[in-house]
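Inspection log for the structure reproduced underneath, given as C-alpha coordinates.
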Amino acid sequence: MPIKRIINGLNDFQQNYFKTHQDLFKRLSQGQTPEILFITCSDSRIDPNLLTQTEPGELFIIRNLGNIIPPHGTLNSSEGAGIEYAVQAVNIKEVIVCGHSHCGSMKGLLQLQSLSDEMPLVYDWLKHHGESTRRLVRENYHDYSEEDLLNVAIQNNVLTQIENLETYPVIRSRLHAGKLRLHAWVYEIETGKILAYDVNQNQFVLLRQEPFPVPDPLAMMHPG
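Take the sequence shown: its letters are residues 1236 to 1459, numbered as in the working numbering.
This is the structure in C-alpha coordinates:
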(Lines of atoms letter the chains of each structure in order from A and count residues from 1; the text may use other names and numbers.)
(Lines give C-alpha, C1' and ligand atoms only; values in the text may rest on other atoms or scores of the structure.)
Protein backbone atom coordinates (compact mmCIF):
# COMPACT_ATOMS: atom_id res chain seq x y z
CA MET A 1 0.00 0.00 0.00
CA PRO A 2 1.60 3.31 -1.07
CA ILE A 3 1.71 6.16 1.45
CA LYS A 4 -0.39 8.23 -0.97
CA ARG A 5 -3.34 5.96 -0.21
CA ILE A 6 -2.94 6.73 3.49
CA ILE A 7 -2.94 10.47 2.78
CA ASN A 8 -6.05 10.08 0.61
CA GLY A 9 -7.69 8.16 3.41
CA LEU A 10 -6.91 10.94 5.89
CA ASN A 11 -8.43 13.51 3.56
CA ASP A 12 -11.52 11.36 3.08
CA PHE A 13 -11.87 10.96 6.85
CA GLN A 14 -11.66 14.71 7.46
CA GLN A 15 -13.99 15.65 4.63
CA ASN A 16 -16.62 12.96 5.16
CA TYR A 17 -16.64 10.79 8.30
CA PHE A 18 -15.45 13.52 10.67
CA LYS A 19 -18.00 16.01 9.38
CA THR A 20 -20.89 13.60 9.84
CA HIS A 21 -19.72 12.58 13.34
CA GLN A 22 -18.77 15.96 14.80
CA ASP A 23 -20.88 15.42 17.93
CA LEU A 24 -18.99 12.17 18.62
CA PHE A 25 -15.57 13.79 18.32
CA LYS A 26 -16.63 16.82 20.34
CA ARG A 27 -17.67 14.44 23.12
CA LEU A 28 -14.43 12.47 22.81
CA SER A 29 -12.41 15.68 23.11
CA GLN A 30 -13.81 16.02 26.64
CA GLY A 31 -12.48 12.64 27.76
CA GLN A 32 -12.83 8.89 27.33
CA THR A 33 -15.10 6.40 29.09
CA PRO A 34 -14.52 2.98 27.50
CA GLU A 35 -15.59 -0.01 29.60
CA ILE A 36 -13.55 -2.62 27.74
CA LEU A 37 -9.79 -3.16 27.55
CA PHE A 38 -9.00 -5.12 24.37
CA ILE A 39 -5.55 -6.73 24.34
CA THR A 40 -4.50 -8.20 21.02
CA CYS A 41 -1.65 -8.78 18.58
CA SER A 42 0.03 -6.15 16.41
CA ASP A 43 -0.76 -8.28 13.35
CA SER A 44 -2.13 -6.08 10.55
CA ARG A 45 -4.99 -8.51 9.92
CA ILE A 46 -6.56 -7.71 13.29
CA ASP A 47 -8.69 -4.58 13.62
CA PRO A 48 -10.38 -4.52 17.06
CA ASN A 49 -12.90 -1.82 16.14
CA LEU A 50 -13.81 -3.47 12.86
CA LEU A 51 -14.03 -6.87 14.50
CA THR A 52 -16.32 -5.66 17.29
CA GLN A 53 -18.10 -2.98 15.23
CA THR A 54 -17.30 -0.32 17.81
CA GLU A 55 -16.82 3.43 17.49
CA PRO A 56 -13.80 5.51 18.55
CA GLY A 57 -13.75 5.81 22.33
CA GLU A 58 -15.46 2.48 23.04
CA LEU A 59 -12.35 0.30 23.35
CA PHE A 60 -9.11 0.88 25.23
CA ILE A 61 -6.58 -1.09 23.18
CA ILE A 62 -3.17 -2.58 23.95
CA ARG A 63 -1.29 -4.30 21.12
CA ASN A 64 2.06 -6.04 20.79
CA LEU A 65 3.67 -9.10 19.22
CA GLY A 66 1.71 -12.13 20.36
CA ASN A 67 -0.78 -10.26 22.60
CA ILE A 68 1.60 -10.90 25.49
CA ILE A 69 1.20 -9.41 28.96
CA PRO A 70 4.37 -9.64 31.06
CA PRO A 71 3.65 -10.54 34.72
CA HIS A 72 3.46 -7.73 37.25
CA GLY A 73 6.89 -6.58 38.36
CA THR A 74 8.48 -6.75 34.91
CA LEU A 75 10.66 -3.66 34.52
CA ASN A 76 9.77 -1.03 31.91
CA SER A 77 6.58 -2.78 30.83
CA SER A 78 4.40 -0.45 28.78
CA GLU A 79 1.77 -3.19 28.85
CA GLY A 80 1.70 -3.10 32.65
CA ALA A 81 1.43 0.68 32.66
CA GLY A 82 -1.40 0.52 30.14
CA ILE A 83 -3.29 -2.05 32.20
CA GLU A 84 -2.91 -0.06 35.39
CA TYR A 85 -4.06 3.13 33.69
CA ALA A 86 -7.01 1.46 31.98
CA VAL A 87 -8.32 -0.13 35.16
CA GLN A 88 -7.48 2.55 37.72
CA ALA A 89 -7.93 5.78 35.75
CA VAL A 90 -10.45 4.79 33.08
CA ASN A 91 -12.38 2.32 35.26
CA ILE A 92 -12.40 -0.54 32.78
CA LYS A 93 -14.94 -3.25 33.63
CA GLU A 94 -14.06 -5.99 31.11
CA VAL A 95 -10.67 -7.17 29.84
CA ILE A 96 -10.41 -9.26 26.67
CA VAL A 97 -7.22 -10.99 25.62
CA CYS A 98 -7.69 -11.87 21.96
CA GLY A 99 -5.26 -14.09 20.09
CA HIS A 100 -5.75 -15.04 16.46
CA SER A 101 -5.26 -17.84 13.98
CA HIS A 102 -2.07 -18.03 11.90
CA CYS A 103 -0.20 -15.94 14.47
CA GLY A 104 3.35 -15.27 13.30
CA SER A 105 4.53 -14.67 16.85
CA MET A 106 3.35 -18.10 17.94
CA LYS A 107 4.93 -19.66 14.85
CA GLY A 108 8.17 -17.96 15.86
CA LEU A 109 7.79 -19.16 19.44
CA LEU A 110 7.62 -22.78 18.25
CA GLN A 111 10.78 -22.26 16.16
CA LEU A 112 12.49 -19.91 18.56
CA GLN A 113 16.16 -20.57 17.76
CA SER A 114 15.63 -19.65 14.12
CA LEU A 115 14.87 -16.06 15.18
CA SER A 116 18.03 -15.35 17.16
CA ASP A 117 20.20 -14.16 14.24
CA GLU A 118 17.69 -12.42 11.97
CA MET A 119 15.38 -10.88 14.58
CA PRO A 120 17.19 -10.76 17.92
CA LEU A 121 14.72 -8.35 19.52
CA VAL A 122 11.78 -10.57 18.58
CA TYR A 123 13.75 -13.55 19.89
CA ASP A 124 14.37 -11.83 23.21
CA TRP A 125 10.71 -10.80 23.57
CA LEU A 126 9.36 -14.29 22.90
CA LYS A 127 12.10 -16.07 24.85
CA HIS A 128 11.57 -13.92 27.91
CA HIS A 129 7.76 -13.75 27.89
CA GLY A 130 6.69 -16.81 25.89
CA GLU A 131 8.76 -19.57 27.44
CA SER A 132 5.98 -20.93 29.66
CA THR A 133 3.72 -21.36 26.63
CA ARG A 134 6.49 -22.84 24.50
CA ARG A 135 7.48 -25.40 27.13
CA LEU A 136 3.88 -26.34 27.90
CA VAL A 137 3.18 -27.01 24.24
CA ARG A 138 6.46 -28.80 23.46
CA GLU A 139 6.29 -31.10 26.47
CA ASN A 140 2.59 -32.03 26.33
CA TYR A 141 1.58 -32.20 22.67
CA HIS A 142 4.19 -34.47 21.04
CA ASP A 143 1.99 -36.14 18.43
CA TYR A 144 0.22 -33.06 17.08
CA SER A 145 0.59 -31.90 13.48
CA GLU A 146 2.32 -28.58 12.85
CA GLU A 147 -1.02 -26.84 12.24
CA ASP A 148 -2.66 -28.29 15.35
CA LEU A 149 0.43 -27.48 17.41
CA LEU A 150 0.18 -23.85 16.33
CA ASN A 151 -3.50 -23.70 17.31
CA VAL A 152 -2.68 -25.21 20.70
CA ALA A 153 0.07 -22.62 21.19
CA ILE A 154 -2.26 -19.77 20.23
CA GLN A 155 -4.94 -20.88 22.70
CA ASN A 156 -2.56 -21.64 25.55
CA ASN A 157 -0.76 -18.34 25.03
CA VAL A 158 -4.04 -16.48 25.53
CA LEU A 159 -4.72 -18.40 28.73
CA THR A 160 -1.20 -17.68 29.96
CA GLN A 161 -1.80 -13.95 29.49
CA ILE A 162 -5.03 -14.20 31.46
CA GLU A 163 -3.02 -15.77 34.29
CA ASN A 164 -0.40 -13.03 33.98
CA LEU A 165 -3.10 -10.37 34.21
CA GLU A 166 -4.18 -11.77 37.54
CA THR A 167 -0.73 -10.99 38.99
CA TYR A 168 -1.45 -7.23 38.79
CA PRO A 169 -2.66 -5.82 42.12
CA VAL A 170 -5.21 -3.55 40.46
CA ILE A 171 -6.64 -6.53 38.55
CA ARG A 172 -6.74 -8.83 41.60
CA SER A 173 -8.48 -6.16 43.67
CA ARG A 174 -11.17 -5.49 41.07
CA LEU A 175 -11.71 -9.22 40.46
CA HIS A 176 -12.10 -9.84 44.17
CA ALA A 177 -14.66 -7.02 44.41
CA GLY A 178 -16.60 -8.33 41.41
CA LYS A 179 -15.94 -5.11 39.51
CA LEU A 180 -13.96 -6.66 36.66
CA ARG A 181 -14.24 -9.65 34.34
CA LEU A 182 -11.58 -11.31 32.18
CA HIS A 183 -12.21 -12.98 28.82
CA ALA A 184 -9.99 -15.23 26.68
CA TRP A 185 -10.71 -15.10 22.94
CA VAL A 186 -9.20 -16.38 19.71
CA TYR A 187 -10.19 -14.75 16.42
CA GLU A 188 -10.27 -16.99 13.34
CA ILE A 189 -9.16 -14.83 10.43
CA GLU A 190 -10.42 -17.26 7.80
CA THR A 191 -13.96 -17.54 9.23
CA GLY A 192 -14.44 -14.22 11.04
CA LYS A 193 -15.58 -16.15 14.11
CA ILE A 194 -14.52 -15.74 17.73
CA LEU A 195 -13.72 -18.69 19.96
CA ALA A 196 -14.02 -17.94 23.69
CA TYR A 197 -12.67 -19.98 26.57
CA ASP A 198 -15.49 -21.60 28.54
CA VAL A 199 -14.33 -22.58 32.02
CA ASN A 200 -17.21 -25.02 32.45
CA GLN A 201 -16.22 -26.95 29.32
CA ASN A 202 -12.48 -26.37 29.80
CA GLN A 203 -12.05 -25.46 26.13
CA PHE A 204 -12.48 -22.73 23.55
CA VAL A 205 -15.95 -22.75 22.00
CA LEU A 206 -17.79 -20.59 19.49
CA LEU A 207 -18.79 -17.28 21.07
CA ARG A 208 -22.46 -16.53 20.71
CA GLN A 209 -24.41 -14.45 23.25
CA GLU A 210 -22.79 -15.87 26.39
CA PRO A 211 -19.73 -13.74 27.32
CA PHE A 212 -17.79 -16.64 28.99
CA PRO A 213 -15.87 -14.63 31.61
CA VAL A 214 -12.96 -16.32 33.34
CA PRO A 215 -13.77 -16.03 37.07
CA ASP A 216 -10.57 -17.40 38.59
CA PRO A 217 -7.48 -17.45 36.36
CA LEU A 218 -5.44 -19.34 38.93
CA ALA A 219 -7.96 -22.19 38.88
CA MET A 220 -7.98 -22.54 35.09
CA MET A 221 -6.76 -25.68 33.39
CA HIS A 222 -5.20 -25.40 29.96
CA PRO A 223 -7.27 -27.00 27.18
CA GLY A 224 -6.37 -30.45 25.96
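Positions of the beta carbon are idealized from the N, C-alpha and C atoms, including for glycine.
In the three-state scheme derived from DSSP, where H, G and I count as helix and E and B as strand, Ala1412 is classed as coil. A straight line joining the alpha-carbon of Val1387 with that of Val1357 spans about 21 Å.
When Ala1431, Gln1436, Phe1295 are compared, the shortest CA-CA separation from Gln1444 is found for Ala1431.
Thr1402 and Pro1291 have their C-alpha atoms spaced approximately 29 Å apart. Here the segment 1409 to 1422 makes contact with the segment 1327 to 1335; the two share three or more CB pairs at distances below 8 Å. The beta carbon of Lys1362 is closer than 7 Å to those of Leu1347 in its chain, skipping five residues each way along the sequence. Around the C-beta of Asn1392, 16 or more other C-beta atoms lie within 10 Å, and the residue is accordingly described as buried. In the three-state reduction of the DSSP assignment, Val1449 falls in the strand class, which pools E and B. In this structure, DSSP gives Val1357 a helical state, which the three-state scheme calls helix. Under the 10 Å beta carbon count, Ser1264 is surrounded by fewer than 16 other beta carbons and is classified as exposed. Judged by pairs of C-beta atoms under 8 Å, the segment 1295 to 1304 does not touch the segment 1237 to 1255, as fewer than three such pairs exist. DSSP places Leu1245 in the helix class (H, G or I) of the three-state scheme.
In this structure, Val1440 keeps its C-beta atom at 9 Å or more from the C-beta atom of Ile1397. Residue environment for Tyr1422: buried (at least 16 other C-beta atoms within 10 angstroms of its C-beta). By the Cβ neighbour-count rule, Gly1266 is exposed, with fewer than 16 other Cβ atoms within 10 Å of its own. The C-alpha of Gly1413 is placed about 25 Å away from the C-alpha of Gly1334.
Nearest in C-alpha terms to His1364, of all of Asp1433, Thr1309, Tyr1379, Arg1416, is Thr1309.
The distance from the Cβ of Arg1369 to that of Leu1344 is about 5 Å, consistent with a contact at the 8 Å cut-off.
Judged by DSSP in its simplified three-state form, Leu1310 adopts coil rather than helix or strand. Minimum Cα-Cα distance from Pro1269 among the listed residues Gln1390, Ser1279, Ser1349, Thr1289 corresponds to Thr1289.
The shortest C-alpha to C-alpha distance from His1307 to any of Leu1294, Pro1448, Gly1317 is the one to Gly1317. The distance from the Cβ of Ile1297 to that of Glu1314 is about 6 Å, consistent with a contact at the 8 Å cut-off.
Ala1419 is a Cβ neighbour of Val1449, given a cutoff of 9 Å.
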